[in-house]
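K.L.:
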Amino acid sequence: MIVRVVSLFVFFFVTNISFEPQADLGKQGFSKVGEKTMPAVVSVAVLAQVNDEEALKNRIATMVLMPRKDIFGYEILNNPRRIGTLGSGFVVDSRGYIVTNYHTVENAIKIKITFSDETIMEASLVGYDPGTDLAVLKVDTSKKLLALSWADSEKIKIGDWALAFGNAYGLGPTLTSGIVSSPARDLSDPMFGGIVPSHLINNFIQTDASINKGNSGGPLVDVEGKVIGVNFGIISSSGGSDGVGLAIPANIARKVTQNIIDYGRVRRAWIGLMVQGVTNEIAENLGLPKANGALIVTVTDNGPAKQAGIQSRDIILKINDKKIKDAPDVSRIIGQLAVGEKVSISLWREGKNKTIHVTLQEFQSHEDYRKTIKTSKTELKDHVESKEYEFGVTSLTWQFRQRFHAENPAINGVLVSDTQEGGWAEKNGLLVGDIILEINKTPVTSIEEFEKEIKTSIQHKKTTLFFIYRFGQKLFITLKPKPEEKKER
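So in this note's numbering, spot 297 of the sequence shown is number 308, and the numbers just go up one at a time.
Structure (structure tokens):
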């Protein structure tokens, strides 16, 4: 169970059908929806292997009323290196594909699925997308499974019914009801500490349907039984459900899920822009009649936008006839489009309207980048390896800033370009895509400064303190000198 603390507690919880909406809820409630939806909802039991610190947090966060064994035969409170977690999921493809949350199956070494009829099956991990906290599992079966259908999440409205299905507290199939409190809750506000992947999901569905521990990954459906979202977590000051549940919108989840089924990964469209909101002052200065749209701050070299002729200080007003009200709209709309798709961008440039067509390219993720680095290090002009700590760094170019969400010019450092698999840096928590800001309290803004500071630290055989930037958060990581291997006599 992942628990992250900001000014409030945000908990992330582990827990194609179409039919007629119910006309008389007073007599039958949601029984028909429940009967037809529940067979496609599953409980997800995961045996994961994590480091001691993660295991301790997980054991505390997933504590239930009494110690008990999961379906693998392991006690939930067990060896710190192996933990059992429970979550939810649902079938989206009759061939055996199941959607759940990525944090539910992260570090999984064994996954078992329990259906509502108590059938238990082992599942494999097809693929996952940490940026949207989604994962796809697969069970091998000759039986054609009942699968849920996706709704159009852009059509839901405040006050619509919302039904949350899942494996609450590991008790088994559960249904809770409520309404859509907000169809597009923006959690990019600083009060949430940047802990949600707001660069990919800036509008969550908010509901007052109870979402409890174990519900993560389950479906949030409408009265027709169509999935409007994937249960994600809650915002709570008490640790329990306070009526503020969150779900990943169906339109995002559908695309991510289908990409993973088709390709084993997410092929995400990329335009190569950094934008900000348009204030009244900016609008007046640039001659825009009204403060709206997204101001282009930076255009990535050799990116799709640059190649199409888009410039810094252009203001994006529309993308494919969809109005851009503020900066987050750009990433949201582009994120829903396909790689290779040609889009129409309506701009405001030097007092005139202009339309430019851009062909979107594929966004390169952490893992894709890591694979590229392993085969093409020679293409990096300033790539440097730390043999002692078993990782490499390169300069933080604007293209890398865009990829790793460090567009703020105040962020200065060097980029961790690769880590040796199972190496010293990786074992101690350093990740590809981390930006090293300081080494032992000394700012590191260039490859030369990095080499100097890392060399000094290693020569003194002291623990090295790294101050890093990782997807909107700053944190410290320490690397002790690597123990010398004992030579056999």
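All C-beta atoms, glycine included, are put in the ideal place defined by N, C-alpha and C.
Does the distance from the CB of residue 108 to the CB of residue 147 come in under 8 Å?
P.N.:
Cβ atoms of residue 108 and residue 147: closer than 8 Å.
K.L.:
Can you have a look at residue 86 and say buried or exposed, based on whether 16 or more other CB atoms are within 10 angstroms of its CB?
P.N.:
A caution first: residue 86 carries a pLDDT of 48, below 50, which makes its placement in the model too unreliable to give a value.
K.L.:
Consult DSSP for residue 114 and reduce its assignment to one of helix, strand or coil.
P.N.:
The answer is helix: DSSP assigns residue 114 an H, G or I state.
K.L.:
With a CB to CB cut of under 7 Å and the five nearest residues on each side skipped, what residues in its chain are close to residue 283?
P.N.:
Answer for residue 283: 310, 311, 314, 315, 316, 317 and 413, listed in chain order.
K.L.:
To the nearest angstrom, report how far apart residue 185 and residue 131 are at their CA atoms.
P.N.:
Straight-line Cα distance between these residues: approximately 17 Å.
K.L.:
Going by other Cβ atoms of all chains shown within 10 Å of its Cβ, with 16 needed for buried, is residue 494 buried or exposed?
P.N.:
Classification for residue 494: exposed.
K.L.:
Using a Cβ-Cβ cutoff of less than 8 Å, which residues in the same chain neighbour residue 446 once the five nearest sequence positions on both sides are dropped?
P.N.:
Correct list, in chain order: 407, 415, 417, 422, 424, 425, 426, 427, 479, 480 and 481.
K.L.:
Measure the Cβ-Cβ separation of residue 367 and residue 344 and say whether it is below 8 Å.
P.N.:
Their beta carbons are not under 8 Å apart, which means residue 367 does not touch residue 344 by this criterion.
K.L.:
For residue 145 versus residue 110, is the C-beta spacing smaller than 8 Å?
P.N.:
In this structure, residue 110 lies closer than 8 Å to residue 145 by Cβ.
K.L.:
Quick check on DSSP: helix, strand or coil for residue 360?
P.N.:
DSSP places residue 360 in strand when its eight states are reduced to three.
K.L.:
How many Å lie between residue 225 and residue 472 at the Cα?
P.N.:
Taking the straight line joining both Cα atoms gives about 46 Å.
K.L.:
Taking only the alpha-carbon atoms, compute the straight-line gap between residue 231 and residue 257 and give it to the nearest angstrom.
P.N.:
C-alpha separation (whole angstroms): 10 Å.
K.L.:
Taking C-alpha atoms, which residue in 359, 307 and 449 lies nearest to residue 298?
P.N.:
It is 359.
K.L.:
Tell me the rounded alpha-carbon separation between residue 385 and residue 397.
P.N.:
Confidence in residue 385 is poor, its pLDDT being 48 and thus under 50, which makes the residue's placement unreliable; the coordinate value appears in the next sentence. Whole-angstrom Cα-Cα distance: 15 Å.
K.L.:
In terms of alpha-carbon separation, which member of 58, 54, 112 and 156 lies closest to residue 103?
P.N.:
Looking at the Cα atoms, 156 is the closest of the given residues.
K.L.:
To the nearest whole angstrom, what separates the beta carbons of residue 164 and residue 51, a pair I think is in contact under 8 Å?
P.N.:
Incorrect: roughly 18 Å between the Cβ atoms, too far for contact.
K.L.:
Starting from residue 308, trace the beta strand (DSSP E) in both directions and tell me its first and last residue.
P.N.:
Taken as a continuous stretch (DSSP letters only), the beta strand (DSSP E) holding residue 308 covers 305-310.
K.L.:
Applying the 10 Å Cβ sphere with the 16-neighbour rule, what's the burial state of residue 441?
P.N.:
So residue 441 ends up on the buried side.
K.L.:
Name the residue from 350, 342, 233 and 289 whose alpha carbon lies nearest to the alpha carbon of residue 581.
P.N.:
This structure does not reach residue 581, given that the chain is present from 12 up to 500, and the question cannot be answered.
K.L.:
Which residue from 459, 491 and 463 puts its Cα closest to that of residue 474?
P.N.:
Considering only alpha carbons, the answer is 491.
K.L.:
Relative to the alpha-carbon of residue 279, which residue among 348, 255 and 259 has its alpha-carbon at the smallest distance?
P.N.:
That would be 348, whose Cα lies nearest to the Cα of residue 279.
K.L.:
What is the rounded straight-line gap between the Cα of residue 487 and the Cα of residue 139?
P.N.:
For residue 487 and residue 139, the distance between alpha carbons rounds to 27 Å.
K.L.:
Span of the beta strand (DSSP E) holding residue 120?
P.N.:
119-126 is the span of the beta strand (DSSP E), which, as asked, contains residue 120.
K.L.:
Nearest CA to the CA of residue 410: which residue from 444, 438, 439 and 433?
P.N.:
The shortest C-alpha separation from residue 410 is found at 444.
K.L.:
Just the Cα atoms here: how many angstroms apart are residue 489 and residue 429?
P.N.:
When rounded, the distance between both Cα atoms is 17 Å.
K.L.:
Out of 117, 451, 294 and 214, point me to the one whose CA is closest to residue 240's CA.
P.N.:
Comparing Cα positions, the closest option is 214.
K.L.:
May I ask you to report which of helix, strand or coil DSSP gives residue 51?
P.N.:
Helix at residue 51.
K.L.:
Compare the Cα-Cα distances from residue 420 to each of 448, 372 and 394 and report the closest residue.
P.N.:
Per the Cα distances, 448.
K.L.:
Under the three-state reduction of DSSP, which class applies to residue 268: helix, strand or coil?
P.N.:
Three-state DSSP puts residue 268 in a helix.
K.L.:
Per DSSP, what kind of secondary structure is residue 353 in: helix, strand or coil?
P.N.:
Three-state result, residue 353: strand.
K.L.:
Could you pull out every residue in the same chain whose Cβ sits closer than 6 Å to the Cβ of residue 435, ignoring the five residues on either side in sequence?
P.N.:
Closer than 6 Å at Cβ, skipping near neighbours: 400, 401 and 493.
K.L.:
May I ask you to list the residues that DSSP assigns as paired with residue 257?
P.N.:
Looking at the DSSP assignment, residue 257 forms a beta bridge with 217 and 244.
K.L.:
Cutting at 6 Å between CB atoms, please list the residues of its own chain near residue 372, excluding the five before and the five after it.
P.N.:
So the list reads 281 and 315, once near-sequence residues are dropped.
K.L.:
So, under 8 Å CB-CB, residue 143 and residue 55 are touching, yes? Tell me the CB distance rounded to an integer number of Å.
P.N.:
About 17 Å separates the two Cβ atoms, so there is no contact after all.
K.L.:
So what does DSSP say about residue 322, is it helix, strand or coil?
P.N.:
If DSSP states are grouped into helix, strand and coil, residue 322 belongs with coil.
K.L.:
Threshold first: 3 residues or longer. Then list the beta strand (DSSP E) segments lying entirely within the segment 123-183, N to C.
P.N.:
Qualifying beta strand (DSSP E) stretches, in chain order: 131-140, 145-150 and 172-177.
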